[in-house]
Amino acid sequence: VRKHQESNKYFLVSTLRHRRNKKKPYRNILNLKRISRPGLRIYSNYQGIPRILGGRGVVILSTSRGIMTDREARLEGIGGEILCYIW
Numbered sequence: 149v150r151k152h153q154e155s156n157k158y159f160l161v162s163t164l165r166h167r168r169n170k171k172k173p174y175r176n177i178l179n180l181k182r183i184s185r186p187g188l189r190i191y192s193n194y195q196g197i198p199r200i201l202g203g204r205g206v207v208i209l210s211t212s213r214g215i216m217t218d219r220e221a222r223l224e225g226i227g228g229e230i231l232c233y234i235w
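Here it is as structure tokens:
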């Protein structure tokens, strides 16, 4: 997941990752679940940010310092609106 800017608009770009597996040649590990919606905003402080799959997944947050992952938000000690889970 990375931030991308075109003119005055910002976008989140997520790329698919594949892992090599002995039984199956490639395994797709990307699932996305939207959490906050226009009718129901979900906020969390940095201590309450959930861990997805024991830390293997990623939580995307919108904070006062911009859009960041759960790991970045915990390191900086800030919370925000939980946008989505990626695992």
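Taking my numbering as reference, the numbering of the sequence shown is continuous, increasing by one, and the terminal residue is 235.
Backbone N, C-alpha and C define an ideal beta-carbon position, used for all residues, glycine too.
This one's a predicted model, so the numbers in the text were calculated from it and none came from an experiment.
- Residue state for G227 is assigned as coil, using DSSP reduced to three classes.
- Here W235 really is in contact with I200; their C-beta atoms are around 5 Å apart, less than 8 Å.
- Annotation for M216: L209 place their beta carbon closer than 7 Å to its own, counting only its chain and skipping 5 residues before and after.
- Straight-line measurement puts the Cα of Y233 at about 5 Å from the Cα of K181.
- Straight across, the Cα-Cα distance linking R222 with P198 is about 11 Å.
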